Amino acid sequence: MRTRSDRLIEIGRTIVTVVLFFGILGALVVIHELGHFIVARLFRVRVLEFGIGFPPRAKVLRDVGETVYTLNWLPIGGFVKLEGEDGDEADDPRSFAAQGLPKKILILVAGVVMNVALAAAIFTGIALTGDPAIGVYVPYVEPGSPAESAGIEVGDVIERVNGEAFGAFGPSSVLAELHDSAGKTVTLAVRRADAVIDITATLRTPDQVRDGKGALGIGQQGTLPLEPRSTPDRIHYPVDTALRLGLERTESAMRVIIDGVGQLASAIITRPTEPPPASGPIGIATQIGDIFWTLGPIVTLYLAGILSANLAVVNILPFPPLDGGRIMLLLIKRVAGTRLSVRAERLTYVVGFVFLMAFLVWVTGFDIARGLGGG
Numbered sequence: 000m001r002t003r004s005d006r007l008i009e010i011g012r013t014i015v016t017v018v019l020f021f022g023i024l025g026a027l028v029v030i031h032e033l034g035h036f037i038v039a040r041l042f043r044v045r046v047l048e049f050g051i052g053f054p055p056r057a058k059v060l061r062d063v064g065e066t067v068y069t070l071n072w073l074p075i076g077g078f079v080k081l082e083g084e085d086g087d088e089a090d091d092p093r094s095f096a097a098q099g100l101p102k103k104i105l106i107l108v109a110g111v112v113m114n115v116a117l118a119a120a121i122f123t124g125i126a127l128t129g130d131p132a133i134g135v136y137v138p139y140v141e142p143g144s145p146a147e148s149a150g151i152e153v154g155d156v157i158e159r160v161n162g163e164a165f166g167a168f169g170p171s172s173v174l175a176e177l178h179d180s181a182g183k184t185v186t187l188a189v190r191r192a193d194a195v196i197d198i199t200a201t202l203r204t205p206d207q208v209r210d211g212k213g214a215l216g217i218g219q220q221g222t223l224p225l226e227p228r229s230t231p232d233r234i235h236y237p238v239d240t241a242l243r244l245g246l247e248r249t250e251s252a253m254r255v256i257i258d259g260v261g262q263l264a265s266a267i268i269t270r271p272t273e274p275p276p277a278s279g280p281i282g283i284a285t286q287i288g289d290i291f292w293t294l295g296p297i298v299t300l301y302l303a304g305i306l307s308a309n310l311a312v313v314n315i316l317p318f319p320p321l322d323g324g325r326i327m328l329l330l331i332k333r334v335a336g337t338r339l340s341v342r343a344e345r346l347t348y349v350v351g352f353v354f355l356m357a358f359l360v361w362v363t364g365f366d367i368a369r370g371l372g373g374g
């Protein structure tokens, strides 16, 4: 039975999770818009407003020169308003509409570049300071298992195997190492309360593991899954390795997202009533909260890097009103030599926006179903 204290703790954690969600998402979108802002200013395109959050407007922070800097009530992201960005005012040499195709494309793609750069900076910064190590929390010890024979207890956290710690973002883990060490005797560094003790365990044989049993015999209860836990260890790299890892992790995050877009498109077309391979705002907020409370701020920051790469890939998709869709319309008009009226272009963006909102509602519905245990 939950006590009043438990409910207060849960409310507090929920509030922190919501703040983290809006803070991370807002920062990523503001960085994206800052890219548009910087390149537009470099090309002397008039920037009418740089807004933090979305209207309605709450406060004018500064009014400097031609640009109004505003704080808005809806705390998700931000926006940049350029003169002539809707295709009108082409006679003004400082409007977006009056710029040549290369400049327009560079302004539009600048937000994507900023998100990629931010992801790379986050991944590289984490690698330079050392990846956090991840252990495994033991929720259950199988009777008669090697874990029970070795004296492992419920509540223990296995931090190292044979003296090796495992980074949160590396290719291996405690469970993978135990699986690969089947049949061998290993030394486990186990955190119990505030002390770390060494425990020697002889793991199950490879044949037993192939039959579906865990090498150590922990967490075999279906309702009690194994949980990752952060440990005090850090995995340090030489500077050149850290820089390389930052770029590789950025590329890997973007590749996963690109593959996921294809899977998502297939799911929308062929399985519209099944849970999609994507999360909406509620699902993302839940993931941020789960990671923050179980693995800590560094892994949460890493997730922010993944979300920044996600935002870059999504925004470059050729779908109005995303940046990629706007670039696509510019290229179509140039290649086909056709003139698209301002009204028709705005209608294209409105239709695209409606589809995006419908998709968001669809994904959010499955987020809610998952939260209620229905998917």
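Using numbering that gives the first Met the number 0, you'd call the opening residue of the sequence shown number 0 and step up by one each time. The beta-carbon is built from N, C-alpha and C at its ideal position, and this holds for glycine as well. This structure is a prediction, so every number in the text was calculated from the model and none was measured.
Query	Result
For Ser229, name the three-state secondary structure that DSSP assigns.	strand
Rounded to whole angstroms, what is the Cα-Cα separation between Leu294 and Ile133?	8 angstroms
Is the beta carbon of Val135 sitting closer than 9 angstroms to the one on Ile217?	yes
Specify the secondary structure class of Tyr68 as computed by DSSP and reduced to three states.	strand
Hey, is the segment 102-121 in contact with the segment 196-215, meaning 3+ C-beta pairs nearer than 8 angstroms?	no
What are the complete alpha helix (DSSP H) segments, minimum 4 residues, inside the segment 224-305?	238-269, 280-294
By the 10 Å Cβ neighbour count, where 16 or more other Cβ atoms means buried, how is Lys80 classified, buried or exposed?	buried
From Trp361, Pro145, Gln262, Val153, pick the residue whose C-alpha is nearest to that of Val137; which is it?	Val153
Determine whether the beta carbon atoms of Ile14 and Val29 lie at a separation below 9 angstroms.	no
Once DSSP output is grouped into helix, strand and coil, what is the label at Leu187?	strand
If we ignore side chains and look at the alpha-carbon of each, how far apart do Ala335 and Leu329 end up?	10 angstroms
Pull up the CB-CB distance for Phe78 and Phe53, whole angstroms please, since I reckon it's below 8 angstroms.	7 angstroms
Beta-carbon within less than 8 angstroms of Ser307's beta-carbon, same chain only, minus the 5 sequence neighbours each way: which residues are those?	Leu27, Ile30, Asn114, Val115, Leu117, Ala118, Ile121
If you drop the 5 nearest sequence neighbours on each side, which residues of the same chain put their C-beta closer than 6 angstroms to that of Phe168?	Asp130
Determine the direct distance from the alpha carbon of Phe165 to that of Lys183, and round the result to whole angstroms.	19 angstroms
With contact counted as at least three CB pairs below 8 angstroms, one residue from each stretch, are the segment 16-26 and the segment 273-293 in contact?	yes
Secondary structure at Leu47, three-state DSSP: helix, strand or coil?	strand
Do you know offhand how far Phe365's Cα is from Leu215's?	36 angstroms
What is the rounded straight-line gap between the Cα of Asp289 and the Cα of Asp193?	23 angstroms
Could you give the first and the last residue of the continuous alpha helix (DSSP H) run that contains Gly110?	100-128
If you draw a straight line from the alpha carbon of Asp85 to that of Val255, how long is it in whole angstroms?	33 angstroms
Going by DSSP, what residues sit across from Arg61 in a beta bridge?	Tyr68
Thinking C-alpha only, which one of Leu177, Tyr139, Arg369 is nearest Pro384?	Outside the shown range of the chain (0 to 374) lies residue 384, about which nothing can therefore be said.
Grab the span of the beta strand (DSSP E) containing Val160 for me, first residue to last.	156-160
Ignore the nearest five residues each way along the sequence and tell me which others in Arg248's own chain have a CB closer than 6 angstroms to its CB.	Phe122
Could you compute how far the alpha carbon of Phe95 sits from the alpha carbon of Arg12?	45 angstroms
Check whether the Cβ atoms of Pro280 and Leu24 sit closer than 9 angstroms, and answer yes or no.	yes
Who are the near neighbours of Ala126 in its chain, counting only those whose CB is closer than 6 angstroms to its CB and skipping five residues on each side?	Tyr236, Ala241, Leu244, Gly245
Report yes if the C-beta distance between Arg419 and Asp91 is below 9 angstroms; otherwise report no.	This structure leaves residue 419 out entirely; the chain is present only between 0 and 374.
Helix or strand or just coil, what does DSSP make of Val135?	strand
Among the residues of its own chain, which have a CB less than 6 angstroms from the CB of Ala149, if the five just before and after it don't count?	Ile198, Ala200
Would you kindly report the start and end of the unbroken beta strand (DSSP E) that includes Asp197?	194-201
Excluding the five sequence neighbours on either side, which residues of its own chain have a C-beta within less than 6 angstroms of the C-beta of Arg191, listed in chain order?	Asp155
Which partner residues of Phe78 appear in the DSSP bridge assignment?	Gly50
Taking DSSP as the reference, what is the three-state secondary structure of Leu73?	strand
Could you have a look at Val153 and say whether DSSP puts it in helix, strand or coil?	coil
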